[in-house]
Amino acid sequence: MQELIKRAKELLADGTVVRVLGWKAGDLPYNPEPAYFAKDTDFADFVYNGFCGANLSKYMIEASKMEGKTLVFLKPCDTYSFNQLLKEHRVEREKAYIIGVGCKGKLDIEKIKALGIKGIQSISGAELTDEAETLTVQTLYGEKTCAYKDAMLERCHVCKGKEHKIYDELLLTSRDTTDADRFAEVARIEGLSPEEKFAFFQKELGKCIRCNACRNVCPACSCRKCVFDSNKFDSSQKANADSFEEKMFHIIRAFHVAGRCTDCGECSRVCPQGIPLHLFNRKFIKDIDEFYGEYQAGEDVDADAPLTSFTFEDVEPSVVSTRS
Amino acid sequence: MQRIGVFVCHCGSNIAATVDVEKVVEIIRQEPGVVHAEDYQYMCSEVGQAKIADAIHEKGLTGIVVCSCSPRMHETTFRKAAERAGLNPYMVEIANIREHCSWIHKDVEEATKKAVILARAAIAKVNLNAPLKPGESRVTKRALIIGGGIAGIQTALDIADAGYEVDIVEKTPSIGGRMSQLDKTFPTLDCSACILTPKMVEASAHEKITIYTYSEVEKVTGFVGDFTVDIRKKARSVDMDKCTGCGVCQEKCPSKKAPSEFNRGLSNRSAIYTPFAQAIPNVPVIDREHCLKFQKGKCGVCAKVCQAGAIDYEQKDEIVTEKYGAIVVATGFDVIKLDNYDEYAYSQSKDVITSLELERIMNAAGPTKGHLERLSDGKAPREMVFIQCVGSRCADDRGKSYCSKICCMYTAKHAMLIRDKYPDVNVTVFYIDVRTPGKNFDEFYRRAVEDFGVNYIKGQVGKVAPQPNGRLLVQASDLLDNRQIKMEADMVVLAAAIEPNPDVRKIATMLTASIDTNNFLTEAHAKLRPVESPTAGVFLSGVCQGPKDIPETVAQAGAAAVKAIGLLAKDKLLTNPCTAHSDELLCNGCSTCANVCPYGAITYEVRQVNDHGIREDRRLAVVNEALCQGCGACTVACPSGAMDLKGFSNRQILAEVDAICQ
Amino acid sequence: MSIETNETFRPKIVAFCCNWCSYAGADLAGSSRLSYPADVKIIRVPCSCRVNPMFILRAFEKGADGVILCGCHPGDCHYSTGNYYARRRMTLLFSMLDYIGVENGRTRVEWVSAAEGVKFSATMNEFVEKIRSLGKNVRLGDLRCRS
Amino acid sequence: MITGKKQAELIKEISGVNPLKCMKCGKCSATCPSYNEMDIKPHQFVSYVLNEDIEALMQSESLWKCLSCFACVERCPRDVKPGKLIDAARQLLIRQRGQEYLSPDEVPELLDPEIPQQLLVSAFRRYRR
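Below is the structure:
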């Protein structure tokens, strides 16, 4: 963390950048938030630890409109999002000085809580530089520990790899965290009967309160004005009026980001209701891989996106009913 | 809210027998927004149309729904009727209650119910209709032809004869193209030069035709009717106006080791050269790569001997910018490289040649002055073998997947000419299939077999191996006789596949014309619009669209000319008003829409917008209404819903959906 | 899930047809008097690629029991490439609907040329039969508005 | 006894060849070094598979005359590879013979100064379990 601060201050001092986009400590030990830093003194609450899951690439849309360059810290997975935004002309490369930061997997406070650790006062072991495999948590009820792996976000277990796809320089080394099959859960659901599938999604989506957090955090969902807020489709919805609307919202949201979603997992991370929203996006990714060849959004800025290209031999939509 | 009038047609008994039209009128009259509803025997009749006009005037209608036959039948009729009565024609919608209702249902109650729903959907749509006006764009009455072969020349002549200015841009120093390299042409065996040269002369003498040889298209902007094109005139190093074409410079030029492109590298030419005797223009160019003056700095013989003082070593490339209404692509073809066909020993033996090389050998102006001889030792061949389908109909990446179409016929021609001129030479043709569709084509092939004794064997040659005795061992199998053949030949001629001129890819990109996996330009419709590119104002002539022989090329050249003339004859183009348009406040500038547009109608510009008081520069999609054909691919690709289609807007279609599902 | 009997259940079916091939195919079915159930209502769109997944979901929301999209055969699109994009979009959308448990027989894409009146009619008959066997769409409907 | 249809399927599976791609050009037979000893010629292999007459192919002389030089595979313009087909037929026959596969112990007795080493190695590689 200190390396990041030191380097950021240097780049500010020599005029390479005029501001820094990073994370600052939140009001709890586990909720740092994205923030700008411009002066030396700002860096007092700069943090970079296992709870800095927030993908800063989307903030670069606004930063690209500001005067001067912005230093942005991007984790390996965040660079895919940045690339995708670059492809869509939403961010400007020249406006960004990208420091690719290492990552040893990001933490999910809900998982820690689910382990029965309550009344958290402080957490150690979450720093990237810590070699520790365990987190030590000081709670109102005394010191508790848990394995770092057990507290990791789902997305880090299926990490795309710790290689930065775009950067100006790299700081800190990463640790591989991939230990699960990215599509296992999607495949499990595909194997259910229609009734079971429907029940599963009815239960999950029934929790949706239409707070729009998933949309607002999503780097692909970066429209100036969302179709669900405009009158273009008579689709602006103020309240969660019936059981269909959240299905429509989530299907359309996933469809709009299909072929553009880098699977950064932010939607699921921020959902206050704990809905596994990534299961929608990942379903599309799995289908695209199977039908049209493997495609990773944000990997190659020049690649043709799956929904804006085609081949003459593409599968017919009836494949859905014939596929086992 | 619109003031809508609904007109229900009986269509005699076609509709009225199954749909209770009075009842439809009665129900529809109650719909919100409907201020007038009536039925009539034949709405499309003059009386029927007059009823619409009257109602427009009397009731102040702003929208019309006609419940009648398919809009494909009478939409235009009713739109025109409304227009005559002062209503915007695009405020008319049709509910198809004949083809989609009365004709397919038998039960009156059911059909009536459906007719009402279809009418409601049309009413819901027309409620959201907005008056549309076709855009206008002017037409520059000048055509550009890219490529000066027979296709380009024919298209140019046809357009020029219709009275329009035409420019031909040809990459090489002379027009004439592939056809000028041919010796004779099938199926009548006329000498190629004898029929081509007059056309070349006619084109160059035509007052409406300007020819830019040794030139290339550099940049294309604009759209149908209004293209702006930059043409690079490469430095010829010879003043076109001063040169008299006497040819002394070529004679005296000391650098004579440059391979002749015209003779397919089988002979050499001087550094200053015209590609062939009948070249048009008859003005040489200096090939700077082989010129001693340019390479070593000294020589200057040509300048010394030129009495006209036409040699200009200082000449530079020149860019000409010109406007055009139509562009015809006629870039033609080349034969594929045979580097990957080791088994035919093409690069090992001088006596294995391509058919195009044989054309040059057979030609009196060719490297052997028209004598059939082996290029290795100059001896007359006794045994000649022709191999068909070399690189055509190939599933692997060495060749092409398609049939090159012309090889069967030119091989029959070669075989026949050789047997005619040199009766003592045995000619064997190894074929897979003999494909001779075309007028007098099969008769021609049969003559080669029956009258000229050409030996046709079904079976592809597997290997050609040069022998120590200087001959070529040809190994094949006769599939019909079930025997393996090993024969010695003196010359082997390969019918190499043809492929589009490699430059076409660059040109297609400039024109936003689409191209298939084989680099052939794609036609707007494979059956119904074969000479038009999907990009409006761009037409296709000759082999750039697909393999063709000369008669087909000339026919297509004429067809392309007619299409171009049809465009140039108009002063202004009315554009389809049902085009896409982007809401600047919603547009993300993400380029997704442009990626799916088949017409290249969407571009981006950075413009200041005022978004509820926030002024900022944004990258925005701009639809060129002259290019947009209104398919709507972009509207669905657009994630923010900024892109919408006039006449088929999101809200209009949703209103129809709602009305149907009500 | 209870299936209503075929006699009483009349499904609502929305058919999106492209103007150039399928709508003309439907016209030909009409002029050839090839019947199909009145449950099918056609909406004309310029091209299959104009159909937004939003339209299909909206139809289901408003009570449609089945939605079918008809376009020109691949390779024959009037706009040359529209149906290729539609094919990908619909494949993914249908797969997603299947994934959340909507019976996959409720959605269909069929390529119908202007000459295929017989195919149009046969397709519609088949599709209506399928929807009738599936019964009323409850999983994607706005249940408040159902009578 | 498995049917010709099943055998044809097996041949296609083992060889990975789609015989429908053949355009009957005969380039395979053109340079086949064993052509004259073969009763069924290389370009005909495809027809036998298409006609599901695998028994005839398996009983043919050609089966054992093919040198597996793969010139036909190399040259085939349609990617049909007749050599692979005959090879598959051979495997089918060998598998049929009581499912016996070559075991390492059998190798020494097969050694014959006339047999190229390479053939043994490749045969072993192919037929071992």
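Chains as they are written, first to last, in my numbering: chain D, 17 to 340; chain L, 35 to 696; chain Z, 90 to 236; chain R, 11 to 139.
Every residue gets a Cβ at the ideal spot worked out from N, C-alpha and C, and that includes glycine.
Over what stretch of residues does the alpha helix (DSSP H) that includes residue i continue unbroken?
i: D:D303; result: H294 to Y308
i: L:C481; result: Contrary to the premise, residue 481 of chain L reads as Arg rather than Cys in this sequence. F475 to E484 is the extent of the alpha helix (DSSP H) around L:R481.
i: L:V670; result: A667 to A671
i: L:E60; result: V55 to I62
i: L:K233; result: S226 to A239
Indicate whether at least one CB of chain Z lies closer than 8 Å to the CB of residue i.
i: L:G664; result: yes
i: D:P292; result: no
i: D:E26; result: no
i: L:P568; result: yes
i: L:S435; result: no
In terms of residues, what are the limits of the beta strand (DSSP E) holding residue i?
i: L:I491; result: N489 to K492
i: L:I243; result: I243 to Y246
i: L:E117; result: That residue, L:E117, is in no beta strand (DSSP E); its alpha helix (DSSP H) goes P105 to R118.
i: D:L37; result: R35 to K40
i: L:N548; result: A quick correction: the sequence has Ser, not Asn, at residue 548 of chain L. No beta strand (DSSP E) holds L:S548; DSSP gives it neither H nor E.
i: R:D97; result: No beta strand (DSSP E) holds R:D97; the alpha helix (DSSP H) holding it covers P92 to Q106.
Return helix, strand or coil for residue i, following the three-state DSSP convention.
i: L:D73; result: strand
i: D:Q154; result: strand
i: L:L528; result: strand
i: D:F216; result: helix
i: L:K582; result: coil
i: L:G600; result: helix
i: L:S438; result: coil
i: L:K267; result: strand
i: R:W227; result: Given that chain R is displayed from residue 11 to residue 139, the structure contains no residue 227 of chain R and the question cannot be resolved.
i: R:M33; result: coil
i: L:H134; result: helix
i: L:T219; result: strand
Does the beta carbon of residue i come closer than 8 Å to any beta carbon on chain R?
i: L:Q509; result: yes
i: L:A51; result: no
i: L:I128; result: no
Near residue i, what residues of its chain come up, given a Cβ to Cβ distance below 7 Å and the 5 sequence neighbours on each side ignored?
i: R:L77; result: P43 and S44
i: L:C287; result: S304, A305, I306, V335 and C336
i: L:P500; result: A379, Q382, S383 and L506
i: L:A653; result: One point to set straight first is that residue 653 of chain L is Arg, not Ala, in the sequence displayed. The residues are G623, Y638 and V640.
Closest Cβ-Cβ distance between residue i and chain L: below 8 Å?
i: D:S246; result: yes
i: Z:S222; result: no
i: R:P87; result: yes
i: R:I12; result: no
i: R:S39; result: yes
Give me, in chain order, the residues of the same chain whose beta-carbon lies closer than 6 Å to that of residue i; leave out the 5 immediate sequence neighbours on both sides.
i: Z:G119; result: none
i: Z:E93; result: Confidence at Z:E93 is low in this model, with a pLDDT of 47, below 50, so the placement of that residue should be treated as unreliable; the coordinate-derived value is given next. So the qualifying residues of the chain are G224.
i: L:D617; result: A676
Using a Cβ-Cβ cutoff of less than 8 Å, which residues in the same chain neighbour residue i once the five nearest sequence positions on both sides are dropped?
i: L:C428; result: K434, S435 and A531
If we cut at 8 Å on Cβ distances, does residue i have a partner in chain D?
i: Z:E93; result: Confidence is the limiting factor: at Z:E93 the pLDDT is only 47, short of 50, which leaves the residue's position unreliable and the question unanswerable from this model.
i: Z:G114; result: no
i: L:C442; result: no
i: L:L620; result: yes
Would you say residue i lies against chain B (beta-carbon separation less than 8 Å)?
i: L:D430; result: Looking for chain B here will not work: the only protein chains present are D, L, Z and R.
* To do: Output, in sequence order along the chain, the residues in the region 374-390 of chain L whose CB is closer than 7 Å to any CB in chain R.
  => E377
* **Proximal residues, the region 18-37 of chain R versus chain L, C-beta separation under 9 Å** => K31, M33, K34, C35, G36 and K37
* To do: Scan the region 49-64 of chain R for residues whose Cβ lies nearer than 8 Å to a Cβ of chain L and list them as they occur along the chain.
  => K51 and H53
* **Residues from the region 666-682 of chain L in contact with chain Z, defined by Cβ distance under 7 Å** => G666, A667, T669, V670, L679 and F682
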